[in-house]
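Working notes, structure below.
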Amino acid sequence: MNRASAPLKVEIRDASDDDMAAIQAIYAFYVTRTAASFEEDVPSVEEMKARRAAIVGRGLPFLVAVEEGEVLGYTYAGPFRQRSAYRYTVEDSIYVAPFVMRRGIGGALLAALIERCTQSGYRQMIAVIGDSANQGSIAVHRSLGFGQEGVLRGVGLKFGRWVDVVIMHRTLGGDDRPLPDGAKAPPMLSSSDTEIP
């Protein structure tokens with residue numbers, strides 16, 4: 007049985023600085039060969055370490071899939087937007103080594119990320135998928151309960167062509183979860199509050 011068809015026995019764990027050279031090599035493929043990432047210059051290993059430190063420093067997960075000590079993919083959650091009202095919403099990023107695509111690694115990573123974010127109290131997860139032709143990523147997200155919310159057409163320019171962004175979304179932990187401790191429901195607006203003088 008060759009590597010391309012052998013079953014994978016992956017462990018999913020928190021990433022460390024020791025994983026960052028392998029992570030940078032995986033990401034370099036997506037930066038230089040695909041429109042999945044809108045970056046055009048490959049970040050250094052040191053830059054990738056700094057990015058991981060920033061994610062982990064916010065209490066967010068940064069995970070790797072490893073088989074026999076080799077990093078085969080990674081995923082992390084970052085803030086969806088910087089405004090404080092978005093603090094319970096995260097955006098996922100996921101990248102799998104090209105030689106193990108379509109072997110279940112992306113789904114395993116994303117499922118683990120969803121679980122960790124749910125356990126941490128996050129309420130919504132957004133996927134901002136580069137390139138509407140990125141059917142693999144769209145399918146993995148859809149298989150784990152994401153719905154497509156829209157397509158932003160031609161918002162990126164990479165490799166001399168206009169590239170779309172697909173927005174997908176899923177709720178974490180169910181719609182009926184109560185507000186977090188200390189959070190206040192907004193006051194109800196009356197019709198006079200919405201009138202513009």
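Under the working numbering, the residues of the sequence shown are numbered 7 to 203, in order. Idealized CB from N, CA, C, for every residue including glycine. Every value quoted in this text rests on a predicted model; they were computed, and no experiment measured them.
What are the partner residues of E73, as DSSP defines its beta bridges?
What you label residue 73 is simply residue 67 of the sequence shown in a count that begins at 1. Answer is E76, bridged to E73.
Quick check on this structure: which residue in L66, R64, G63 and A28 has the alpha carbon closest to the alpha carbon of P49?
To locate residue 49, count along the sequence shown from 1; it is residue 43. Per the Cα distances, A28.
On the three-pair Cβ rule with 8 angstroms, is the segment 146–161 touching the segment 57–74?
no
With H, G and I counted as helix, E and B as strand and the rest as coil, what does DSSP make of P104?
The residue given as residue 104 occupies position 98 in the sequence shown. P104: helix per DSSP, three-state reduction.
With D170 and S138 assumed to form a contact (beta carbons below 8 angstroms), what rounded beta-carbon distance in angstroms separates them?
The sequence position of residue 170 within the sequence shown is 164, counting from 1. The sequence position of residue 138 within the sequence shown is 132, counting from 1. About 4 angstroms separates the two Cβ atoms, so the contact holds.
Between A103 and the rest of its own chain, which residues show a CB-CB distance below 7 angstroms, the 5 nearest in sequence each way excluded?
Translated into the one-based positions of the sequence shown, residue 103 becomes position 97. I32, L78 and G79.
Residues in its own chain within less than 6 angstroms of M174 by CB, not counting five upstream and five downstream?
For the purposes of this step, residue 174 is taken as the residue at position 168 of the sequence shown. Cβ contact annotation for M174 (same chain, cutoff 6 angstroms, sequence separation greater than five): A133, H147, F152 and Q154, in chain order.
For D98, name the three-state secondary structure that DSSP assigns.
Numbered from its first residue, the sequence shown carries residue 98 at position 92. It is a strand residue.
With 16 other CB atoms within 10 Å as the buried threshold, where does T38 fall?
In the sequence shown, residue 38 corresponds to position 32, counting from 1. Flag for T38 reads exposed.
Quick check on Y128: does DSSP put it in helix, strand or coil?
Counting from 1 along the sequence shown, the entry for residue 128 is found at position 122. Correct three-state label for Y128: coil.
Just how far apart, CA to CA, sit Y128 and V96?
Numbered from 1 along the sequence shown, position 122 holds the residue referred to as residue 128. Numbered from 1 along the sequence shown, position 90 holds the residue referred to as residue 96. Between Y128 and V96, the C-alpha separation is close to 7 angstroms.
Within this structure, are the beta carbons of L150 and A117 separated by less than 8 angstroms?
As a working mapping, residue 150 is identified with position 144 in the sequence shown. As a working mapping, residue 117 is identified with position 111 in the sequence shown. The answer is yes: Cβ separation under 8 angstroms.
Answer with buried or exposed for L115, where buried requires no fewer than 16 other C-beta atoms within 10 angstroms of its C-beta.
As a working mapping, residue 115 is identified with position 109 in the sequence shown. Buried, since its Cβ has 16 or more Cβ neighbours within 10 Å.
Considering only C-alpha positions, which residue in the set G110, I61, A145 and K164 is nearest to P85?
As a first step, residue 85 must be located in the sequence shown, where it is residue number 79. With distances taken between Cα atoms, P85 lies closest to I61.
Would you report the Cα separation of E17 and E121, rounded to the nearest angstrom?
Within the sequence shown, the letter at position 11 stands for residue 17. Within the sequence shown, the letter at position 115 stands for residue 121. So the alpha carbons of these two residues sit roughly 15 angstroms apart.
In its own chain, which residues sit with a C-beta less than 8 angstroms from the C-beta of D23, not counting the 5 before and 5 after it?
The residue labelled residue 23 in the question sits at position 17 within the sequence shown. For D23, where only same-chain residues beyond five positions count, the Cβ hits under 8 angstroms are K55 and R58.
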